[in-house]
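Each remark here refers to the structure printed beneath this line.
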Amino acid sequence: MKIAVITGASSGLGKEFTKQISKKVKGLDELWIIARREEKLIQLKESIKHIKCRVMPLDLIQKESFVEYERLLEKYSPKICMLINNAGYGKIGSFETIDIDEQLNMIELNNKSIVKITRSSLPYLYNNARIIQVASSAGFMPQPGFSVYAATKAFVISFGRGLNQELKDKNIKITSVCPGPVRTEFFDVAGGDVSMSIKKMAMVEADQVVAKALKDSAKGKEISTYGTLMNAFKIVAKIVPHSLILKQVNYYNSRDKE
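Heads up: take any position in the sequence shown, counting from 1, add 23, and you land on this note's numbering.
And the structure:
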């Protein structure tokens, strides 16, 4: 049985990945869709007519969820052709104002869960399989007011690049998707004052980001970035000292607060 596994599938990019994979990726027998909100997963399953979806209401912050995931892998022994590590969230605000448990949960979901689910899936990954990890353009450099989230996404990018080399002999490719602001539930959860930078930047649609990510994954690209603005930001973050960029960020943030 050939499958694709999608985490965080109940909304946003995860939901869009599920929809597009169901239509575009040939030869799959099932999609395993994972998220906390079972009712949302059931709605998604009912909307997809092209392929069977297996609903898995798992909270990837909880250890018990990985026990259940591994049990299902052992039971069905699938060949995983695609693993979409999408589950994650962010909180906007200064480090001292965001509750410490929220910040640790960000690390748990954005980083530890990716490591755990990738490790659990590894024995079942098909030769020539693809792993897509949803990182963020925030991972290209430090982000004041978004410090922990940006650091978690920098981890995702680095982890993906390292693992790409380790899995070369198996022809398993990892692509880290690094979008800018996307029109999803993300900012409803993130809270904080998004006006300082986010409102000034043109948000893109989830379907555009996912379509580009699937194309880049098929080509074996390590990084997938959608749009001229984010591609320019990626280049700037590479060549301009971060200390200079951070001075400008602080300047504009302070102006917005006036």
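From the three backbone atoms N, C-alpha and C, an ideal C-beta is built for every residue, glycine too. These figures come from a predicted structure and were not determined experimentally.
Using a Cβ distance threshold of 8 Å, valine 200 and alanine 236 count as a contacting pair.
The three-state secondary structure of glutamine 166, taken from DSSP, is coil. Check the Cα spacing between isoleucine 103 and each of Gln126, Lys196, Ser181 and Lys38: the tightest is with Lys196.
Taking a C-beta distance under 8 Å as the contact criterion, isoleucine 155 and serine 240 qualify as a contact pair. Here the alpha carbons of glutamine 166 and glutamate 91 stand approximately 36 Å from one another. For valine 233, the closest of Met24, Gly31, Ser33 and Gly37 by C-alpha to C-alpha distance is Gly37. In the structure shown, the three-state DSSP call for glutamine 85 is coil. Around glutamate 61, the same chain offers Val78 and Pro80 as residues with beta carbons nearer than 8 Å, after the five sequence neighbours per side are excluded. Note on leucine 64: 16 or more other CB atoms within 10 angstroms of its CB, so buried under the neighbour-count rule.
A contact is defined here as three or more CB-CB pairs under 8 Å, and the stretch 65-73 fails this definition with respect to the stretch 177-189. For secondary structure counted as the alpha helix (DSSP H) over 4 or more consecutive residues, the stretch 225-259 holds these complete runs in sequence order: 229-241. According to the DSSP assignment, threonine 141 belongs to no beta strand (DSSP E) but to the alpha helix (DSSP H) extending over 136-144.
Nearest in C-alpha terms to isoleucine 262, of all of Leu54, Phe163 and Leu186, is Phe163.
Take serine 143, set aside five residues on each side of it, and the residues of its chain with a beta-carbon closer than 7 Å to its own are Phe89, Tyr92, Glu93 and Leu96, in chain order.
Annotation: the stretch 97-140 contains the following complete segments of the beta strand (DSSP E) (minimum length 3 residues), in chain order: 102-108. Note on geometry: alpha-carbon atoms of isoleucine 71 and isoleucine 115 lie some 34 Å from one another.
Closest option to glutamate 245, judged by alpha-carbon separation, among Met226, Ala229, Asn187 and Asp192: Asn187. When secondary structure is reduced to three states using DSSP, alanine 32 falls in the coil class, being assigned neither helix nor strand. Looking at the DSSP output, glutamate 53 bridges to Ile26 and Lys75. Setting aside the 5 residues that flank it on each side, methionine 226 is surrounded in the same chain by Pro204 and Arg206, each with a C-beta closer than 6 Å to its C-beta; the list follows chain order. Counting only runs of at least 4 residues, the stretch 165-201 fully encloses the following alpha helix (DSSP H) elements, listed from N- to C-terminal order: 170-189.
Going by DSSP, serine 159 is part of no alpha helix (DSSP H) at all; its letter is neither H nor E.
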